[in-house]
């Protein structure tokens, strides 16, 4: 299954537009950085608080896919670097945001071809306000995170539409596997990941992989099986062993009532299409919130080329149990076949091997930005030691709004950040 992909999975390609890297400057902790962002915002950049539209709905197009045809086609094509690397020159830094505004069409074409652009050594993107100027110059339309209420992210600079990435010390030893920022219901079109401060001791590299390459390299029988049977993703566990000792009939009534309450009162807060199901993983008193059945492969909404579009590498418990994982049980995820039967370990191990073969590790420095096509490219993060400050903005199709009517709020997000995940 080896292909000519060495360029994409070892060292990212460098466009002949740059110079040797500039010395990276250190950036302060998130509290001062957030305060500075508020102080230096001016009338030209009004606050985006309450103005971000909801994440757009997921565009599904996975029917009647000829796996062999597309795998053969991808194997015959010349390798395309992912990411493509663009290094700043002194002249580019002197232009500031105008550099990006004048080249937005060129960068859009690069993104469509390569899936990810790695902007290196630019001075503009070293704080949230400059980062916002970068993506505004590219005329990208910001939106809410598709999992806005998950608790795994909070705003670093709400007024600039910038979320903090997973920098919490409580999750520093948790390996984040490859995933698209998507749910069955919502998917951002693209995302811009920025480094304000790399891990001060070690680790924390950003991970990306081309979904086309993963699709190409997977065993065709594995892909066909997963497409045919579909997958369902469990996003949370609620263990209620306290109900176990009850008499059988009373226990069934209590389990039914708890399921109804969670389904009616809590699940809607996550703004995802979830079913509350008991005992899927063999634990009778475990209530799981499980997404609807979905294909692990999708056609890109613009190019119509098939991509691996599945969070299995990150969400499968079989894989999480075999790598560093610090997520509390309530936040543990898993992946099943569409009928909720168990996916065999050898199939999950094969998906894991192919995903990791295609991972590019990106050692981002202050001001570096990865602009990613979220339908095509999956992302993750390695474990780290020390302090780390990365952030992200997500983009969709809609213009900014004046109110938050009908959009998910911050109450549950703040609660989970403070009391479940921890700061």
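Numbering (our numbering), first residue to last: 80 to 502. All C-beta atoms in this analysis are idealised placements derived from N, C-alpha and C, irrespective of residue type, glycine included.
Near residue 314, which residues of its chain fall below 6 Å by C-beta distance, leaving aside the five closest residues on each side in sequence?
Taking the chain shown and counting its residues from 1, the one referred to as residue 314 is at position 235. These residues qualify, in order along the chain: 368 and 412.
Same chain only: Cβ atoms within 8 Å of residue 319, ignoring 5 sequence neighbours per side
Position 240 of the chain shown, counted from the first residue, corresponds to residue 319. Here the set comprises 334, 337, 364, 365 and 366.
Among the residues of its own chain, which have a CB less than 8 Å from the CB of residue 139, if the five just before and after it don't count?
Mapped onto the chain shown, residue 139 falls at position 60. Non-local C-beta neighbours of residue 139 in its own chain, meaning closer than 8 Å and more than five positions away in sequence, comprise 373, 374 and 377, ordered along the chain.
Three-state class that DSSP yields for residue 254 in the structure shown:
By 1-based counting over the chain shown, the position of residue 254 is 175. Residue 254 falls in the coil class under three-state DSSP.
Bridge partners - residue 369, DSSP secondary structure assignment:
What you label residue 369 is simply residue 290 of the chain shown in a count that begins at 1. The partner list for residue 369 (beta bridge, DSSP) reads 313 and 354.
Inter-residue Cα distance where the pair is residue 406 and residue 244
Taking the chain shown and counting its residues from 1, one reaches residue 406 at position 327. Taking the chain shown and counting its residues from 1, one reaches residue 244 at position 165. The C-alpha of residue 406 lies about 15 Å from the C-alpha of residue 244.
With residue 434 and residue 325 assumed to form a contact (beta carbons below 8 Å), what rounded beta-carbon distance in angstroms separates them?
Here residue 434 corresponds to residue number 355 of the chain shown, with the count starting at 1. Here residue 325 corresponds to residue number 246 of the chain shown, with the count starting at 1. Contact between residue 434 and residue 325 does not hold, since their C-beta atoms are separated by about 43 Å, which reaches or exceeds 8 Å.
Counting only the same chain and skipping the five closest in sequence on each side, list residues whose C-beta sits under 6 Å from that of residue 216.
By one-based count along the chain shown, residue 216 stands at place 137. Its chain contains 176, 179 and 180 as the residues whose beta carbon lies nearer than 6 Å to that of residue 216, once the 5 sequence neighbours on both sides are disregarded; these appear in chain order.
Limits of the unbroken beta strand (DSSP E) element including residue 406:
Mapped onto the chain shown, residue 406 falls at position 327. Bounds of any beta strand (DSSP E) do not take in residue 406, whose DSSP letter is neither H nor E.
8 Å Cβ shell around residue 474 - same chain, five flanking residues per side excluded:
In the chain shown, counting from the first residue as 1, residue 474 sits at position 395. If the five residues before and after residue 474 are omitted, its C-beta is found closer than 8 Å to the C-beta atoms of 214, 219, 220, 221, 222, 267, 268, 269, 270 and 271, all from its own chain and listed in chain order.
Residue 513 bridges to which residues according to DSSP?
The structure shown does not extend to residue 513, since the chain is modelled only from 80 to 502, so the question has no answer here.
May I have the straight-line CA-CA distance separating residue 144 from residue 226, to the nearest angstrom?
Walking along the chain shown from the start, residue 144 turns up at place 65. Walking along the chain shown from the start, residue 226 turns up at place 147. About 28 Å.
Compute the distance between the beta-carbons of residue 146 and residue 303, then report whether it is under 7 Å.
Along the chain shown, read from residue 1 onward, the residue named residue 146 stands at position 67. Along the chain shown, read from residue 1 onward, the residue named residue 303 stands at position 224. Taking 7 Å as the Cβ cut-off, residue 146 and residue 303 qualify as a contacting pair.
Residue 466 versus 252, 196 and 150, residue with shortest Cα-Cα distance
In the chain shown, counting from the first residue as 1, residue 466 sits at position 387. Looking at the Cα atoms, 252 is the closest of the given residues.
Same chain, Cβ closer than 6 Å to residue 394, five either side skipped, listed in chain order
Taking the first residue of the chain shown as 1, we reach residue 394 at position 315. Non-local beta-carbon contacts of residue 394 in its own chain, meaning distances under 6 Å to residues more than five positions away in sequence, involve 312, 412 and 414 in chain order.
Considering only residues of the same chain and omitting the five flanking positions on each side of residue 370, which have a CB-CB separation below 7 Å?
Locating residue 370 in the chain shown gives position 291, counting from the first residue. Cβ within range, chain order: 262, 263, 311, 312, 314, 351, 352 and 353.
Restricting to Cα atoms, I'd like to know which of 443, 463, 429 and 158 is closest to residue 291.
Sequence index remark: in the chain shown, residue 291 carries index 212 (1-based). Checked all of 443, 463, 429 and 158; the closest Cα to residue 291 is 158.
Pairwise C-alpha distance: residue 355 and residue 341:
Translated into positions along the chain shown, residue 341 becomes position 262. Translated into positions along the chain shown, residue 355 becomes position 276. If I take the Cα positions, the gap works out to 8 Å.
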